[in-house]
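For reference, the structure is listed below as structure tokens.
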Amino acid sequence: MFELDQGIADQLTEVSLNSSVQVRCGNSNSFMVTASTLIPLLQMFEMKGVYISASRGAAEVIQGFESVGIDVSQIQFIDLVSSGILGGTNIPYNNVHFVDSPIMLESILLRTLYILKTNQSERNFVFIDSVNALAIYNEDRMLAEYLHTFINTFRQQDVLSVILNVPDQTPPLVLSNLDLYCTDLVDRGQVVIH
Amino acid sequence: MQPVGMYSRDRCVTGVHGLDEILRGGIPYGSTVLAAGTCGSGKTTLGMEFLVRGANAGEACAHFTATEPSVKLLENIRQFGFFDMKMVDTGLINVFDMDVLYSWLGLEKASFDLDDVHSLIKSIVDIVNTIGVTRLVIDSVTTLCYKIKSEQLIRDFLFTLGKKLATLGCTTILIAEITSATENAHWSSFGVEEAICDGIIVLGDVERMGHLLRFLQVVKMRGTSHSRAKHAIELTPLGVMLTPMLKWGAISDNLNRWGS
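Sequence order for the protein chains is A and B.
Going letter by letter, the first sequence gives residues 1 to 194 in the working numbering.
Going letter by letter, the second sequence gives residues 195 to 454 in the working numbering.
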């Protein structure tokens, strides 16, 4: 049975629009943590948002959210996975944008900015799912540089950035940079020291 | 804020997302700018958006197309939300086929001599003057210059054209096709365009793990300070969008030295 983590909603009441929140989760609780973060953003704070899906295809993410009653109509998805699968972009959702690959980091940023430009909301969030998935494809230094740019870009525009990561699958350089740049931490992850 | 007494030239605000920030306000008025790029790098879209933004502000604009027929050009550009066919219908954007112009001038020949070049310059300047064009795009100067066999004539053609258009207060983008936009490449096909123009904007691709990322880089722009960094670009329905390219990802795979 799916149970929301109310502590995340409580913690989100403390953040402002120009905050950047690092959300740490483990392998087993990532969906629960993601849903527990998104639901208050959509329902309590009535925000619109961009969901950058690097872990799984957007269709699968949408179906997962819909199965627990999350209305995804206020979210635009940027799918970084499905273009890598022949025919993967043939999905029945019109709120999904595709970027060819997770290595096209600047394209992801520009697509997000484009969506926000066409979005008529004053209260927006961008959600990266997830840093560890981006780390599969991108060199550590470049990913650290990207997250630095990404967070500062949206902070400057008063757009809340939420960065999901599984800490023991995230390169140490990237993780320490996230600790430095993010204003808030929602820690639901298990750090495994190898 | 600028120091007291510092002179700043008036700008032609391009309206292209990010480009005016790179140029610290826009292209200095009356400049001739070479937009040199590889195929598919976004040269035509950039040029057309430059005109559309001008037309939105009520400026008269002209586009001379030598690489594709105007009908095809307009069909391709209609997919972009920033473009409105009414701008063409109402005469704010005037599109001219170079082939038609050659035909009017009796220049349907394989190569141009000095008289032909002067006749061509005169007709372009006359059109600009008659319509009161303040933004002009020639797409592409490479195709046009293929008919001019001597390097000296090409130099004269571009220099004279740029000078006359500047006198009329017209800011011009000359689109040039190049085969490579890497560090050692020339920014023009004939090697003279880059020296004549007031500004050079290079468009190309960076290859990253088998994917091509478009980039734009302002190499030179007389009359203004500007960023010389590579910027990643996306062609969106709203127009060209730019963001600084990641420093660790700004060079192509075959040139970079990661981990070595």
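Built from N, CA and C at the ideal position, the CB exists for glycine as well.
Treat the numbers as computed from the prediction; the structure is a model and nothing was measured.
**OP:** Could you please give me the residues that DSSP links to K48(A) through a beta bridge?
**Re:** Mapped onto the first sequence, residue 48(A) falls at position 48. Bridge partners of K48(A): N124(A).
Original post:
Which partner residues of K414(B) appear in the DSSP bridge assignment?
Top reply: Here the question's residue 414(B) lines up with position 220 in the second sequence. DSSP, once it has assigned bridges, lists I394(B) as partnering K414(B).
Original post:
For L432(B), which three-state DSSP category applies?
Top reply: Within the second sequence, residue 432(B) is the residue found at index 238, counting from 1. Of the three classes helix, strand and coil, the one that applies to L432(B) here is coil, per DSSP.
Original post:
How is the alpha helix (DSSP H) around T361(B) delimited, first residue to last?
Top reply: Within the second sequence, residue 361(B) is the residue found at index 167, counting from 1. Counting along the chain, the alpha helix (DSSP H) containing T361(B) begins and ends at 345-361.
Subject >> Classification of D179(A) by the beta-carbon crowding that lies within 10 angstroms, buried from 16 upward >> reply: Indexing the first sequence from 1 puts residue 179(A) at position 179. By the 10 Å Cβ count, D179(A) comes out exposed.
**OP:** Measure from the alpha carbon of T430(B) to the alpha carbon of each residue in K441(B), F274(B), T238(B), then state which is nearest.
**Re:** Working through the second sequence from its first residue, we reach residue 430(B) at position 236. Checking every option, the nearest Cα to that of T430(B) belongs to F274(B).
Subject >> Contact list for S161(A) against chain B, beta-carbon separation under 8 Å >> reply: On the first sequence, position 161 is the one that residue 161(A) refers to. In chain order: nothing, as chain B lies at least about 15 Å away.
Original post:
Of the residues S264(B), D399(B), T361(B), which one's Cα is nearest the Cα of N323(B)?
Top reply: As a first step, residue 323(B) is located in the second sequence; it is residue number 129 there, counting from the start. Closest by alpha carbon: T361(B).
Original post:
Does DSSP put K256(B) in a helix, in a strand, or in coil?
Top reply: Indexing the second sequence from 1 puts residue 256(B) at position 62. Reading off the sequence shown, one finds Ala at residue 256(B), where the question assumed Lys. Looking at A256(B) - three-state DSSP - the assignment turns out to be strand.
Subject >> C-alpha distance - C206(B) paired with P167(A), whole-angstrom precision >> reply: For the purposes of this step, residue 206(B) is taken as residue 12 along the second sequence, with counting starting at 1. For the purposes of this step, residue 167(A) is taken as residue 167 along the first sequence, with counting starting at 1. The alpha-carbon atoms of C206(B) and P167(A) are separated by roughly 49 Å.
Original post:
So, are the CB atoms of L440(B) and E106(A) less than 8 Å apart?
Top reply: On the second sequence, position 246 is the one that residue 440(B) refers to. On the first sequence, position 106 is the one that residue 106(A) refers to. Yes, these two residues count as a Cβ contact at 8 Å.
**OP:** Please decide whether E428(B) counts as near chain A, where near means a Cβ-Cβ distance under 8 Å.
**Re:** As a working mapping, residue 428(B) is identified with position 234 in the second sequence. Yes, its Cβ sits closer than 8 Å to a Cβ of chain A.
Original post:
Between which two residues does the alpha helix (DSSP H) harbouring G300(B) extend?
Top reply: As a working note, residue 300(B) is residue 106 in the second sequence. Here G300(B) belongs to no alpha helix (DSSP H), and DSSP marks it neither H nor E.
**OP:** Select from the segment 105-117 of chain A all residues with a C-beta closer than 8 Å to any C-beta belonging to chain B, and list them in chain order.
**Re:** L105, E106, S107, L109, L110, R111, L113, Y114, K117
Original post:
Looking at the C-beta of T437(B), does it have a partner C-beta in chain A at a distance below 8 Å?
Top reply: Here the question's residue 437(B) lines up with position 243 in the second sequence. T437(B) counts as touching chain A.
Original post:
Considering only the beta carbon of each residue, do D129(A) and L164(A) sit closer than 8 Å?
Top reply: Translated into the one-based positions of the first sequence, residue 129(A) becomes position 129. Translated into the one-based positions of the first sequence, residue 164(A) becomes position 164. Yes, the Cβ-Cβ distance between D129(A) and L164(A) is below 8 Å.
Subject >> Residues bridged to T226(B) (per DSSP) >> reply: As a first step, residue 226(B) is located in the second sequence; it is residue number 32 there, counting from the start. According to DSSP, T226(B) bridges with T366(B).
**OP:** Spell out whether any CB of chain A is found under 8 Å from the CB atom of H405(B).
**Re:** In the second sequence, the residue the question calls residue 405(B) occupies position 211. Output row for H405(B): interface = yes.
Subject >> Assigned exposure category for K303(B) - 16 Cβ within 10 Å defines buried >> reply: For the purposes of this step, residue 303(B) is taken as residue 109 along the second sequence, with counting starting at 1. Exposed.
**OP:** Give a yes or no on whether the minimum CB-CB distance between Y146(A) and chain B is below 8 Å.
**Re:** Sequence index remark: in the first sequence, residue 146(A) carries index 146 (1-based). Interface residue, yes.
Original post:
Out of curiosity, what's the CA-to-CA distance linking P102(A) and Y137(A)?
Top reply: Along the first sequence, read from residue 1 onward, the residue named residue 102(A) stands at position 102. Along the first sequence, read from residue 1 onward, the residue named residue 137(A) stands at position 137. Spanning the two alpha carbons is a distance of roughly 7 Å.
Subject >> Residues bridged to H420(B) [DSSP beta-bridge criterion] >> reply: By 1-based counting over the second sequence, the position of residue 420(B) is 226. Paired residues: none, contrary to the question.
Subject >> Cβ-Cβ separation, F125(A) to G49(A) (assumed contact under 8 Å), whole Å >> reply: Taking the first residue of the first sequence as position 1, residue 49(A) is located at position 49. Taking the first residue of the first sequence as position 1, residue 125(A) is located at position 125. Yes, G49(A) and F125(A) are in contact; Cβ-Cβ is about 4 Å, under 8 Å.
**OP:** Given a cut-off of 8 Å, decide if S82(A) and F65(A) are closer than it, judged by their beta-carbon atoms.
**Re:** Numbered from 1 along the first sequence, position 65 holds the residue referred to as residue 65(A). Numbered from 1 along the first sequence, position 82 holds the residue referred to as residue 82(A). Cβ atoms of F65(A) and S82(A): not closer than 8 Å.
**OP:** Name, in chain order, the residues that DSSP records as bridge partners for P438(B).
**Re:** Mapped onto the second sequence, residue 438(B) falls at position 244. In DSSP, P438(B) forms a bridge with H425(B).
**OP:** Decide yes or no for the touch test of the segment 141-149 of chain A against the segment 38-49 of chain A: beta carbon pairs closer than 8 Å, at least 3 of them.
**Re:** no
**OP:** Using a cut-off of 9 Å between C-beta atoms, extract the partners of S101(A) located in chain B.
**Re:** Along the first sequence, read from residue 1 onward, the residue named residue 101(A) stands at position 101. Ordered by position in chain B, the residues that pass the 9 Å Cβ test against S101(A) are R402, M403, G404, H405.
Subject >> Residues that M47(A) contacts on chain E, provided the C-beta gap is smaller than 9 Å >> reply: Considering every chain present, this structure includes no chain E. Its protein chains are A and B.
**OP:** Could you please give me the residues that DSSP links to D399(B) through a beta bridge?
**Re:** Numbered from 1 along the second sequence, position 205 holds the residue referred to as residue 399(B). Looking at the DSSP assignment, D399(B) forms a beta bridge with R408(B).
Subject >> L173(A) versus V186(A): straight-line alpha-carbon distance, rounded >> reply: Mapped onto the first sequence, residue 173(A) falls at position 173. Mapped onto the first sequence, residue 186(A) falls at position 186. Cα to Cα, L173(A) sits roughly 19 Å from V186(A).
**OP:** Let me know if Y296(B) comes out buried or exposed under the rule of 16 or more other beta-carbons within 10 Å of its beta-carbon.
**Re:** Locating residue 296(B) in the second sequence gives position 102, counting from the first residue. Y296(B) is buried by the Cβ-count criterion.
**OP:** Could you list which residues in chain A have their beta carbon closer than 7 Å to that of L410(B), in chain order?
**Re:** One-based indexing of the second sequence puts residue 410(B) at position 216. The premise fails here: L410(B) is roughly 11 Å from chain A at the closest Cβ pair, so nothing lies under 7 Å.
Original post:
So the beta strand (DSSP E) I78(A) belongs to, where does it begin and stop?
Top reply: Indexing the first sequence from 1 puts residue 78(A) at position 78. From DSSP, the beta strand (DSSP E) with I78(A) extends over 75-79.
Original post:
What is the rounded straight-line gap between the Cα of D283(B) and the Cα of S20(A)?
Top reply: The sequence position of residue 283(B) within the second sequence is 89, counting from 1. The sequence position of residue 20(A) within the first sequence is 20, counting from 1. Approximately 48 Å between the Cα atoms of the pair.
**OP:** Please confirm if the segment 395-410 of chain B is in contact with the segment 261-279 of chain B, defined as three or more CB-CB distances below 8 Å between the two stretches.
**Re:** no
**OP:** May I ask which residues mark the beginning and end of the alpha helix (DSSP H) holding Q156(A)?
**Re:** The residue you call residue 156(A) lines up with position 156 of the first sequence. Unbroken alpha helix (DSSP H) run through Q156(A): 140-156.
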